[in-house]
Each structure stands twice: as C-alpha cells, then as structure tokens.
Amino acid sequence: MSNHKTSKKPSQPRLHWSERITIQITVLALLTLLLYAQTVNYGFVLDDVIVITGNTFVQQGVAGIPDILTHDAFAGNPQYSEAVSLSGGRYRPLSLVMFAIVKQVFGNNAAAMHTLTVLLYIALVVMLFFTLRRLLLESPHHSHYSFLPILPFGATLLFALHPIHTEVVANIKSCDEILALFFTLASLHVFIGYHRTNSHKHSLRPLILSAGLLLLALLSKENAMTFLAVMPLAAYCFTETPLKKNLLTMLPIVFVAALFFVVRSQITNSADALTKTLADSSNILNNPFLHASAAEHYATIVAVLGRYMLSAIFPFTMAYEYGYNQIPLVGWANWQPLVSLVLWIAMLTGAVWALRMRYVLAFCALYFVATLSVASNLVFNIGALMADRFLFMPSVGVALALAWTVIALTNADGNYSSNARKNALVVLVVIGTLYGMRTLVRVPAWKSDYALRVTDVLNAPNSMKVRLSAASVEFQQAMKEQRLTERQRLEQSGYENSQAALAIDPTISAKPYLNLGYYFRALSPRRDSALYYYARALQLMPRVQSINEAYYDVLAEEALEKNLVDSAIACYRKILTVAPTSAFAHTNIGVFLAEKGQTTEAIASFREALHHDPTYPPAQKRFQDLMQKKP
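For the sequence shown, this note's numbering begins at 4 and goes up steadily by one.
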C-alpha cells in the first residue's frame, strides 16, 4: 500500500473578464442579436426591389449567378438601370450572389434575408473584435498603453450598438456594406499578422490571402478600396516594419485591386454610365450642386463633413434621404462650414503630429478621413450630399477613438487599477446604453416602406424626395384601406405632403403635379383640378409616357361624357405621337373602334398593343373577347 500523498496542482489564477475572449464574444453577439432581432419580421424596403424582388437575375436563383457576375449591379432591373444614374456604374456581385442563393432556397422570404443580414452583422462585430485585438494587444507599442486589454472589447461594443448602423442592418440591400467591411477587416487582420512575424523567413501566402480577401471586399462594394490607404497606415502604427518594406508588401494587394477595377470597367461600361450621369446632372434631385457657385459647392461639402463628424459621435437625427432641399447650399459667410473647417483642420493637424509617435488616436482620425473620402463629394460628385450608411465603415475609427478616450480618462495615473477598469467599463456601458436606446427607437422605422417614408417626413421635412415618397405610399395605402376615416386621413396626408414638395420648388420635378393629379382624379375626384396638375406635369416633362397617358386619358373621359368618341380616340392617338409603343393607348383606341363597329381596325389595334407588351391584361382580354364575337 502506497504512502505517497497525491499532490495538488497549483490553481490557475482566474483571468479578468477583459482577457476571457469567449465571454467577450458572447456578450457582443448577444447584444447585437437583441438589438436587431426585431428586423426578422420586417419586409422588403427601398432599394430591395432593385437588387432582390425586382431583379431578374436574383429571381432566377442559382441559375442567375453567371449574369450577376457579368453585369452591372442594376442591370437585372432594367427599369432602375435606366432610371438611376450611377457615376461609372456599380459592380457589386457578391451580395447579389448571396441573395440569389437565398432566393433559391427560401424564395422571396424577407424573414430569411433579414436573418442572414443580422447574422452577417454579428460576424462582422466578431471580426472587428479579433482585428482590434491583433492591432492593439499584439502591438510592439503595447507598453505605451497599459490599459489596452479592455480596449478591443470597448471599441467593438460601441461599434455594435452604434445607431448610425441602423440603415445598413435593417435594409437588406445594404448587405454590401456589411460584406465589404467584414472582408476588409479580415484582409487587414491577415496583413498585420504577416508583419508581426519575421516575414523574410515566411512565404508570401499571407499577403496573397490578404489580397484575396480584399478582392472579396471590392466585389461587395467599391469603397473597400479605401483600405489601400488604411492597411499601410495600420502597419506603420501597430508594427515595427520599416516604411519601405511596409509599402512593398502592399504590391500584391494593389495589383489585385487594379485588376478588379479593370474588370469592373469592362463589365459596367463605365464610359456609358458616366455619360448617363452627366446627362442627368441637369436635375437637382440627382445633382445637389447644380445651382451652386464654386464657393457654395465647397462650403456646403465642408458643412456636411461637420454634420458627419457629429453624427459619427451620436446621431440625434437619422433619415434614409437628405436630398434637396433638406441640406441647403451655404456659403463661407455661414457659420456651419467655418466651424466644420476649424474642427477638421484641428483633427487632421493633431493626427499628423501624433502619427510620428504612432498614437492610436492618430490612426483613428486618419482611418476616418480615408474611409469617408469616397462619400465626401471632395473627390467626385456622388449625387447625394449625405447618407447615414456612408458612416458605416468610418464609424470603426470613431468607436475606437471613443473607447480609447474613455479608458485613458479613467486611467489618468497610468496604473490601470481595478477601480480604473471598473470606471472605464461603467462609462462604456453608459455610452453603449445610449447608443442601444437610440438604435431601438430608430429600427422600427424600417419595418416597411410606408413606416419608413412616413417616419422620415418628420426627420427630413424639407427633402422633396422624402415628401414625394411619403405621399406615394400614403395614396397606395389609402386605396387598400377599408376604414373610411383612416382612408380619408391617408388621402389628406398624401395631399399635404405633395403640396409640401411643391412648395420646396415647383419647377424641378413633375412628380408633385402627378401626385396631385392622381389625388383629384382617383381619391377626391375633381376633373378640372386633375387636368390642371397633369398639364403642369406635362409642361415640365412633355416627352414622358406616363404623364401623357394620365393627361390624355382624363381628356378622353371628358370627351366620352359628351359622347365624342372620335375626340377620345384622338386623345389616345396623341399619346402615340410621344410613346408609339404605349400598350395603354393602343388598347383604348381598340376599345372605341370596336364600339364604333370597326372590328378589323380594333383587332389590329389590340394586336399592336400585345406586340409591344404581350402580357398587358386589358389588351389580352379585349382581344380575346373580340375574337370570340367575330363571325
């Protein structure tokens, strides 16, 4: 019998929660899920019709993937590819491929696509956490920041809860933003890992992998190209690689990016897209600087950059659209561009000075500038003054800067004591709670097109697009509404929003007149008013088919009330002088020819309508009825 005593292994010291990765990831993932779980019950909103439900390539499922990979992002929806002008086109196949696969498996199931979007956002949050850990905790400059163990978690927490991300997560189409940032961060993670090793003894495979990940980011959205500046900046700030060698390691990545843009230019026919953009630049709804002087042009851009700076910290107001004239043009005599200019100069000056010491805040500031540059309108006119989604990628730098500042201020003595850690956590939780509450208030606006457009009338009351969109959805909702009082409320609200859009500027768009014409024709019938507004729309856009159809159809009704059938036919023939392929006009001409007993001519007219639109139901029915009656 052995007398040896069993020796106990020494107990391992319990790790602080800031060093327990599993706990941190679980907290981040659960908070993100709780914040956006409600979106699973939401529908398709805004541009979802362009890239999903109305996109013929996506609707083919897996079979449509070859077309997605070889066409412009909007080519699958001809209606929008013609209506939406895009500077240089857009080639973003990765998110569309994902939508096609989901369509193949689940059909046009908004819940499935929203679920995927939320899961992708959670994956992005986790990727950001690991990337920040690699940048900060493994940095050779770590000794300068003894409080860093909590920093990756704190920064990722603020990013995950930031309310400015609501549009990107709640709008399925914006998966392109999530995928782009996910793959750029993954590329950066691998790139920095390469620089942390004794790289001359290792293969180039990490750099090739990093380049491949950046290619996936570019295939998601073109703003990933800003990481061509971010990656060497990060290597400079967080590794000891000499600058020359740092830049040399970027060559595979730059090569892949250049290859992407060559392929992209061929697929999108950039010259043609640019021509369309220039042709459409005469419309201020698509060119916010149309009537701006050079001074107003740049003063307004600088003023908007100030707005971005404030919204990146805390967005008190959010809207899906900040178009004409929500943010009016300003000159240098206005205080907004001057204050913004001072703040930006101060930030950039401080960043350049601090970059020599490789401070975290210097990286944050320059990251923010680089990733916002494409959307700033400083490089080229993107056709929009401002959008919440443009802050999605830049907000990484803001979240890191806020978390760094909180931790630094609560650790003034530099010892990072237990109390300092608790204080830092409390402040971060308070900021995160404010972010989360603001997000929870904003998310329900994205439940449906109706909810979003009506909500944002309050957030962007001076935007013509917002007013017009709200009026359109209210009129559509009114047509479906069974309750009389609610239908009347919707009709009145739609009328008021149309009038408000007209008050913003009565000379730039026919849409307010069309809305009001529809109101007085279908909802609150008054033919004289309908004709007045349709005529005003026709004056602004005399060659638009839908406007001609609306105006001359009302005139035809008036003629028919007086039993002037030939005058009614003449009205529809007038439409054909502008739109000879109008199935609507050909069908109505056929109807009245048939009433006059001119069967042969009526049949020819119906055949002409079906030639231009074989699926036009009125033409199909009238043609079949007439053929059955024909002896």
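For glycine and all other residues, C-beta sits at the position ideal for the given N, C-alpha and C. In this text the structure is predicted, and so the values were computed from the model without any measurement.
Exercise for review: Just mark Arg546 as buried or exposed, buried being the case when its beta carbon has 16 or more other beta carbons within 10 Å.
Suggested key: Indexing the sequence shown from 1 puts residue 546 at position 543. It counts as exposed.
Exercise for review: Return yes when the Cβ of Met467 is within less than 8 Å of the Cβ of Asp508, no when it is not.
Suggested key: For the purposes of this step, residue 508 is taken as the residue at position 505 of the sequence shown. For the purposes of this step, residue 467 is taken as the residue at position 464 of the sequence shown. A contact, by the Cβ cut-off of 8 Å.
Review point. When the distance is taken between beta carbons, is Leu182 closer than 8 Å to Phe162?
Key: The residue labelled residue 162 in the question sits at position 159 within the sequence shown. The residue labelled residue 182 in the question sits at position 179 within the sequence shown. No, Cβ-Cβ distance for Phe162 and Leu182 is not below 8 Å.
Practice item. To the nearest angstrom, report how far apart Pro621 and Glu552 are at their CA atoms. Key: Indexing the sequence shown from 1 puts residue 621 at position 618. Indexing the sequence shown from 1 puts residue 552 at position 549. Distance between the alpha carbons of Pro621 and Glu552 is about 15 Å.
Exercise for review: Below 8 Å on the Cβ atoms is my guess for Thr59 versus Thr229; work out the distance and round it to an integer in Å.
Suggested key: Counting from 1 along the sequence shown, the entry for residue 59 is found at position 56. Counting from 1 along the sequence shown, the entry for residue 229 is found at position 226. Between Thr229 and Thr59 the Cβ distance is about 32 Å, and since that is not below 8 Å, they are no contact.
Point to revise | Touching by the beta-carbon criterion (3+ pairs, under 8 Å), the segment 468–488 and the segment 306–316 | key: no
Check your understanding: So, using beta-carbon positions, are Glu611 and His589 closer together than 8 Å?
Key -> Along the sequence shown, read from residue 1 onward, the residue named residue 611 stands at position 608. Along the sequence shown, read from residue 1 onward, the residue named residue 589 stands at position 586. Contact flag set, yes.
Review point. Are the segment 230–247 and the segment 352–367 touching, with three or more C-beta to C-beta distances below 8 Å?
Key: yes
Check your understanding: In three-state DSSP terms, what is Ala322?
Key -> Locating residue 322 in the sequence shown gives position 319, where the first residue counts as 1. In this structure, Ala322 counts as coil in the three-state DSSP scheme.
Practice item. Report yes if the CB atom of Ile167 is closer than 8 Å to the CB atom of Thr120, and no otherwise. Key: Position 164 of the sequence shown, counted from the first residue, corresponds to residue 167. Position 117 of the sequence shown, counted from the first residue, corresponds to residue 120. No, they are not a contact pair.
Check your understanding: Can you name the start and end residues of the alpha helix (DSSP H) that Arg539 belongs to?
Key -> Your numbering for residue 539 matches position 536 in the sequence shown. 530–543 is the span of the alpha helix (DSSP H), which, as asked, contains Arg539.
Practice item. State whether the segment 291–298 contacts the segment 331–340, with contact taken as three or more CB pairs (one from each stretch) at a distance under 8 Å. Key: yes
Review point. Which word fits Pro318, buried or exposed, when buried means at least 16 other C-beta atoms lie within 10 angstroms of its C-beta?
Key: Looking up residue 318 in the sequence shown gives position 315. Answer is buried; the Cβ neighbour count reaches 16.
Review point. So Ile68 packs on Val105, CB below 8 Å; how close in whole Å?
Key: Looking up residue 68 in the sequence shown gives position 65. Looking up residue 105 in the sequence shown gives position 102. Not really, about 12 Å apart at Cβ, beyond 8 Å.
Check your understanding: Between Glu85 and the rest of its own chain, which residues show a CB-CB distance below 7 Å, the 5 nearest in sequence each way excluded?
Key -> By 1-based counting over the sequence shown, the position of residue 85 is 82. With a pLDDT of 45 at Glu85, under the threshold of 50, the predicted position of this residue should be treated as unreliable, though the coordinate-derived value follows. Counting only Cβ-Cβ distances below 7 Å, and skipping sequence neighbours, we find nothing.
**Study point:** Coil, strand or helix - Asp628 by DSSP
**Key:** Stepping through the sequence shown from its first residue, residue 628 is reached at position 625. Residue state, collapsed to three classes: helix.
Check your understanding: Is Ala237 helix, strand or coil by DSSP?
Key -> Position 234 of the sequence shown, counted from the start, is the residue given in the question as residue 237. Of the three classes helix, strand and coil, the one that applies to Ala237 here is helix, per DSSP.
Point to revise | As assigned by DSSP and simplified to three states, the class of Arg310 | key: Here residue 310 corresponds to residue number 307 of the sequence shown, with the count starting at 1. Arg310 falls in the helix class under three-state DSSP.
Check your understanding: Does the pairing of the segment 183–201 with the segment 470–480 give three or more beta-carbon distances under 8 Å?
Key -> no
Review point. By how many angstroms is the C-alpha of Ser213 removed from the C-alpha of Pro235?
Key: Your numbering for residue 235 matches position 232 in the sequence shown. Your numbering for residue 213 matches position 210 in the sequence shown. Looking at the two C-alpha atoms, the distance is approximately 13 Å.
Exercise for review: Can you have a look at Met253 and say buried or exposed, based on whether 16 or more other CB atoms are within 10 angstroms of its CB?
Suggested key: What you label residue 253 is simply residue 250 of the sequence shown in a count that begins at 1. When all chains shown are included, Met253 counts as buried.
Review point. Since Ala559 and Tyr537 are thought to touch, with beta carbons under 8 Å apart, how far apart are those beta carbons, to the nearest angstrom?
Key: Looking up residue 559 in the sequence shown gives position 556. Looking up residue 537 in the sequence shown gives position 534. No, Ala559 and Tyr537 are not in contact; Cβ-Cβ is about 12 Å, not under 8 Å.
Point to revise | Per-residue DSSP class, three states only, for Leu466 | key: Start at 1 with the first residue of the sequence shown, and residue 466 comes out as number 463. Note on residue identity: the sequence assigns Ser, not Leu, to residue 466. Here Ser466 sits in coil by DSSP.
Check your understanding: In terms of residues, what are the limits of the alpha helix (DSSP H) holding Gly46?
Key -> Translated into positions along the sequence shown, residue 46 becomes position 43. No alpha helix (DSSP H) contains Gly46, which DSSP labels as neither H nor E.
Point to revise | Nearest candidate by alpha-carbon position, reference Pro464, set Tyr516, Pro583, Asn500, Asp179 | key: Along the sequence shown, read from residue 1 onward, the residue named residue 464 stands at position 461. The residue with the shortest Cα to Cα distance from Pro464 is Asn500.
Exercise for review: Go ahead and pull the three-state DSSP assignment for Leu381.
Suggested key: Counting from 1 along the sequence shown, the entry for residue 381 is found at position 378. Three-state result, Leu381: coil.
Review point. From Asp179, Ile211, Leu184, Asn249, pick the residue whose C-alpha is nearest to that of Val193; which is it?
Key: In the sequence shown, residue 193 corresponds to position 190, counting from 1. With distances taken between Cα atoms, Val193 lies closest to Ile211.
Check your understanding: Can you check whether the CB of Thr442 is closer than 8 Å to the CB of Leu164?
Key -> In the sequence shown, residue 164 corresponds to position 161, counting from 1. In the sequence shown, residue 442 corresponds to position 439, counting from 1. Yes.
Exercise for review: Count the other CB atoms, across all protein chains shown, that sit within 10 Å of the CB of Gln542; report buried if there are 16 or more and exposed otherwise.
Suggested key: As a working note, residue 542 is residue 539 in the sequence shown. So Gln542 ends up on the exposed side.
Check your understanding: Do the segment 433–441 and the segment 449–463 touch if we need at least three Cβ pairs shorter than 8 Å?
Key -> no
Exercise for review: Under 8 Å by Cβ, that's how I've got Phe393 and Val171 pegged, so tell me the actual separation to the nearest angstrom.
Suggested key: Here residue 393 refers to the residue found at position 390 when the sequence shown is read from its first residue. Here residue 171 refers to the residue found at position 168 when the sequence shown is read from its first residue. With 8 Å as the limit, Phe393 and Val171 do not qualify as a contact, their Cβ atoms being about 10 Å apart.
**Study point:** CB contact flag (Val233, Thr118, <8 Å)
**Key:** Translated into positions along the sequence shown, residue 233 becomes position 230. Translated into positions along the sequence shown, residue 118 becomes position 115. Against a cut-off of 8 Å, the Cβ pair of Thr118 and Val233 comes out as no contact.
Review point. How big is the Cα-Cα spacing for Tyr370 and Tyr94?
Key: Translated into the one-based positions of the sequence shown, residue 370 becomes position 367. Translated into the one-based positions of the sequence shown, residue 94 becomes position 91. Answer to the nearest angstrom: the Cα atoms are 24 Å apart.
Practice item. Look at the alpha carbon of Val377 and the alpha carbon of Ser343, and state the distance between them as a whole number of angstroms. Key: For the purposes of this step, residue 377 is identified with residue 374 of the sequence shown, where counting begins at 1. For the purposes of this step, residue 343 is identified with residue 340 of the sequence shown, where counting begins at 1. So the two alpha carbons sit approximately 18 Å from each other.
Practice item. In angstroms with no decimal places, state the Cα-to-Cα distance between Val557 and Leu519. Key: The residue labelled residue 557 in the question sits at position 554 within the sequence shown. The residue labelled residue 519 in the question sits at position 516 within the sequence shown. If you take the alpha carbons of Val557 and Leu519, they lie about 14 Å apart.
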